[in-house]
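Trainee:
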Amino acid sequence: MRIKSTLMAALAVLGLGITQLDAAPTTAKLKPIDDVSHVQMPTVDRDVMRIIDDQERAEGLPPRYAVPHPTLITPDAGGTWENLSPETRLWRLRVSSPGAVSINIGFTQYEMPAGASLALRSVDGRYAIRPFNDGDNNAARQLWTPPVAGGDMVIELTMPTAMLGRYSLEIGPINIGYRRFGAIPDPNEVTARSGACNT
Numbered sequence: 051m052r053i054k055s056t057l058m059a060a061l062a063v064l065g066l067g068i069t070q071l072d073a074a075p076t077t078a079k080l081k082p083i084d085d086v087s088h089v090q091m092p093t094v095d096r097d098v099m100r101i102i103d104d105q106e107r108a109e110g111l112p113p114r115y116a117v118p119h120p121t122l123i124t125p126d127a128g129g130t131w132e133n134l135s136p137e138t139r140l141w142r143l144r145v146s147s148p149g150a151v152s153i154n155i156g157f158t159q160y161e162m163p164a165g166a167s168l169a170l171r172s173v174d175g176r177y178a179i180r181p182f183n184d185g186d187n188n189a190a191r192q193l194w195t196p197p198v199a200g201g202d203m204v205i206e207l208t209m210p211t212a213m214l215g216r217y218s219l220e221i222g223p224i225n226i227g228y229r230r231f232g233a234i235p236d237p238n239e240v241t242a243r244s245g246a247c248n249t
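The opening position of the sequence shown corresponds to residue 51 in the numbering used here, with each subsequent residue numbered one higher.
As structure tokens, this is what we get:
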């Protein structure tokens, strides 16, 4: 499962790209981010992971950059729904892990109707990836996102009210990054490196 998560995330980075993303919608008075449903993941023990990485390298296993944590979260069973307008709903879920280099999400169910949009960004607004929509639907009905730099991010689903019964979204593994991967900078470094995901 760990190897699959790492490979799928790598493919996602190469195939989907990381781009600037606009801030959360502001057409309505939204709850402060501190009032949004919050999933706090464990902090990665880098000393332990260094030992594990050395052992796995000696065994010829592929390197990892993140530790997966299995979850099962859907908008029906977690997160915070709000009204942007009579025609549009917004669902948000905050995910954090203190000291993490990055966080990426494995959506084990993903099917979006026309007009819906899924966005992932750091809470401080410094890092984001492009929004996903019905153009990202696929035969596997899954989505493995590129990493978002930092240890505090928010997932945002914008949905036409008329389409609320026509989507499928389930969060599976939440992968907590503990070292740099590709263009992702380490936000914990004293001298930050600029990556393609910088806003």
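No residue lacks a Cβ here, since even glycine has one placed at the ideal position from N, Cα and C.
Note that the structure is a prediction, hence the values are computed from the model and not measured.
Would you grab the beta carbon distance between Ser147 and Pro92 for me? Rounded to a whole angstrom, and I think it's under 8 Å.
Mentor: Confirmed, about 7 Å.
Trainee: What is the DSSP secondary structure of Gly165, counted as helix, strand or coil?
Mentor: Residue state, collapsed to three classes: coil.
Trainee: For the beta strand (DSSP E) that contains Val204, what are its first and last residues?
Mentor: Where Val204 is concerned, the enclosing beta strand (DSSP E) stretches over 202-210.
Trainee: Assuming His119 contacts Ile226 (C-beta within less than 8 Å), just tell me the rounded distance between them.
Mentor: Going by Cβ atoms, the distance from His119 to Ile226 rounds to 7 Å, so yes, they are a contact pair.
Trainee: Under DSSP, the alpha helix (DSSP H) around Gln105 begins and ends at which residues?
Mentor: 96-108 is the span of the alpha helix (DSSP H), which, as asked, contains Gln105.
Trainee: Taking Cβ to Cβ, would you say Met203 is nearer than 8 Å to Arg229?
Mentor: Their beta carbons are not under 8 Å apart, which means Met203 does not touch Arg229 by this criterion.
Trainee: Return helix, strand or coil for Gly129, following the three-state DSSP convention.
Mentor: In this structure, Gly129 counts as coil in the three-state DSSP scheme.
Trainee: Could you pull the start and end residues of the beta strand (DSSP E) that Ser146 belongs to?
Mentor: Element bounds for Ser146: 138-146.
Trainee: I'd like to know whether the C-beta atoms of Pro210 and Ala169 end up nearer to each other than 8 Å.
Mentor: No, the Cβ-Cβ distance between Pro210 and Ala169 is not below 8 Å.
Trainee: At which residues does the beta strand (DSSP E) containing Val89 begin and terminate?
Mentor: Run containing Val89: 88-90, per the beta strand (DSSP E) assignment.
Trainee: Under the criterion of a Cβ to heavy atom distance below 7 Å, does Gly185 qualify as lining the ligand GDP?
Mentor: Of ligands this structure carries none, so the ligand GDP is not represented either.
Trainee: Take the Cβ of Ile179 as the centre, count every other Cβ of all protein chains shown within 10 Å, and call the residue buried at 16 or more, exposed below.
Mentor: Buried, by the Cβ-count rule.
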